[in-house]
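See structure below.
Numbering (the UniProt record's numbering), first residue to last: 1 to 376.
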């Protein structure tokens, strides 16, 4: 379970990690009142569970209460990568002297924990890793020994962070362990001109499997695509690409994601509709995918087994009828194979839907979906 920034900072505060003063607001009037209480320039920050807020205009400075209210009017309700900002964090503006990056996470590949620290913060860590891998210090953490004061000083020293940052790193580790998190990330972790170190941002992912050990009350009130899919009983994960993917069976969907990537495109999602691809399930799946503005083409990859391909094809046709105009905007590439595949293909051909393109192989379907997405 991902937390909003304000929730992550509440956790940080409970563990003694310094954060800027601020509170969350759900209306522009509340934002003005909080800015008045803070009696200082503030920053209005959209609370969404995705990156890229700044580039999307979801973070705005405000010199005073009136400006804070105006900024909140612009940010509340903003759509950022399919995530609607229902609230904003109104926070005292803090000018960093230096910016760093710090994270502790579960390293599933190695079956342990990993620390990642850098003296270069405030940017996408993926971009930094690609441009200058040596700028990020990575240190495997022994699950038993954990991060004590000596380890924290070692991390800070290797990464070129000031001595004051070591105490914060030790406390960030404590958040990971005591809160049963799988990721604790601060970008940027900053030092101020008076040598204070604080978390200017925060990202925490909690392990849902540990919920029984906590009294978490982190309700997700945002209407995200993932929340909409969950409400419809769909297995959906939002990704960052342009090709929407639907398949029946987790293994097939994972293979499809790999094939799309191999065709030179990035998948926009993982969506497994399971074995019973009824018309309503297919309609729900297409509705979720087509609601993502990042999607430029859709790839439906189905292998008929328990549910025959003719039933799947009828589901696609009915789904597109249910969607109406929403099903016409972007191309939908369909690959059917397995039980009654020929009959299913004929059903789709007879329907003559302008958005549908049929391809008989998975590789060919992925290549077409990639080309269509690139040309959109």
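Glycine included, every Cβ here is placed at the ideal spot set by N, Cα and C.
Original post:
Is residue 91 buried or exposed, if buried means 16 or more other CB atoms sit within 10 Å of its CB?
Top reply: Counting the other Cβ atoms within 10 Å of the Cβ of residue 91 gives 16 or more, which makes it buried.
**OP:** With a 10 Å radius around its C-beta and 16 neighbouring C-beta atoms as the bar for buried, classify residue 212 as buried or exposed.
**Re:** Using a 10 angstroms sphere on the CB of residue 212, the tally of other CB atoms stays under 16, which defines it as exposed.
Original post:
Between residue 71 and the rest of its own chain, which residues show a CB-CB distance below 6 angstroms, the 5 nearest in sequence each way excluded?
Top reply: 44, 60 and 62
Subject >> Delimiting residues of the alpha helix (DSSP H) encompassing residue 255 >> reply: 250-262
Subject >> Assigned exposure category for residue 256 - 16 Cβ within 10 Å defines buried >> reply: buried
Original post:
Thinking C-beta only, is residue 242 closer than 8 angstroms to residue 373?
Top reply: yes
**OP:** Within 10 angstroms of the Cβ of residue 381, are there 16 or more other Cβ atoms? Answer buried if so, exposed if not.
**Re:** The structure shown does not extend to residue 381, since the chain is modelled only from 1 to 376, so the question has no answer here.
Original post:
In the structure shown, what three-state DSSP assignment does residue 124 receive?
Top reply: coil
Original post:
For the beta strand (DSSP E) that residue 23 lies in, which residues bound it at each end?
Top reply: 22-25
Original post:
Are the segment 199-210 and the segment 223-239 touching by the rule of at least three beta carbon pairs closer than 8 angstroms?
Top reply: no
Subject >> With 16 other Cβ atoms within 10 Å as the buried cut-off, status of residue 81 >> reply: buried
Original post:
What is the DSSP secondary structure of residue 188, counted as helix, strand or coil?
Top reply: It is a strand residue.
Subject >> Simplified DSSP state of residue 12, which is helix, strand or coil >> reply: It is helical.
Original post:
Beta carbon of residue 168, beta carbon of residue 17: below 8 angstroms?
Top reply: yes
Subject >> Option in 253, 178 and 232 with minimal Cα separation from residue 288 >> reply: For the residues 253, 178 and 232, the minimum Cα distance to residue 288 belongs to 232.
Subject >> In chain order, each alpha helix (DSSP H) run of at least 4 residues that lies wholly inside the segment 113-170 >> reply: Listed in chain order, the complete alpha helix (DSSP H) runs (minimum 4 residues) inside the segment 113-170 are 125-131 and 149-159.
**OP:** Under the assumption that residue 312 contacts residue 302 (Cβ atoms under 8 angstroms), give the Cβ distance between them as a whole number of angstroms.
**Re:** So it is a contact: roughly 5 angstroms between Cβ atoms.
Original post:
Taking C-alpha atoms, which residue in 175, 285 and 121 lies nearest to residue 189?
Top reply: Here the closest residue by C-alpha is 121.
Original post:
In whole angstroms, what separates the C-alpha of residue 79 from that of residue 150?
Top reply: 44 angstroms
Original post:
Are at least three pairs of beta-carbons, each pair with one atom in the segment 154-173 and one in the segment 103-117, less than 8 angstroms apart?
Top reply: yes
Original post:
Taking C-beta to C-beta, are residue 164 and residue 197 nearer than 8 angstroms?
Top reply: yes
Subject >> Bridge-paired residues (DSSP) for residue 321 >> reply: Paired residue(s): none; residue 321 is not in a bridge.
Subject >> C-alpha distance - residue 142 paired with residue 54, whole-angstrom precision >> reply: 35 angstroms
**OP:** Leaving out five residues on either side along the sequence, give the residues of the same chain with a beta carbon under 8 angstroms from the beta carbon of residue 137.
**Re:** 115, 116, 117, 118, 155, 158 and 159
Original post:
What alpha helix (DSSP H) runs, 4 residues minimum, are completely inside the segment 48-90?
Top reply: 65-75
**OP:** May I ask you to report which of helix, strand or coil DSSP gives residue 195?
**Re:** coil
Subject >> Spatial distance of residue 35 from residue 10 (CA atoms) >> reply: 19 angstroms
Subject >> Spatial distance of residue 6 from residue 202 (CA atoms) >> reply: Cα to Cα, the separation comes out at about 8 angstroms.
Original post:
Out of 330, 162 and 343, which has the shortest C-alpha to C-alpha gap to residue 292?
Top reply: 330
Subject >> Residues that DSSP places opposite residue 46 in a beta bridge >> reply: 88
Original post:
Going by the CB atoms, is the gap between residue 253 and residue 272 shorter than 8 angstroms?
Top reply: Cβ distance < 8 angstroms, so residue 272 and residue 253 count as in contact.
Subject >> Reduced DSSP secondary structure (H/G/I, E/B, other) of residue 242 >> reply: coil
**OP:** Using 10 angstroms around the beta-carbon of residue 215, count the other beta-carbons present and answer buried if the total reaches 16, otherwise exposed.
**Re:** exposed
**OP:** Give a yes or no on whether the C-beta atoms belonging to residue 192 and residue 96 are separated by under 8 angstroms.
**Re:** yes
**OP:** Report the partner residues of residue 337 according to the DSSP bridge assignment.
**Re:** 303.
Original post:
If you draw a straight line from the C-alpha of residue 307 to the C-alpha of residue 347, how long is it?
Top reply: 15 angstroms
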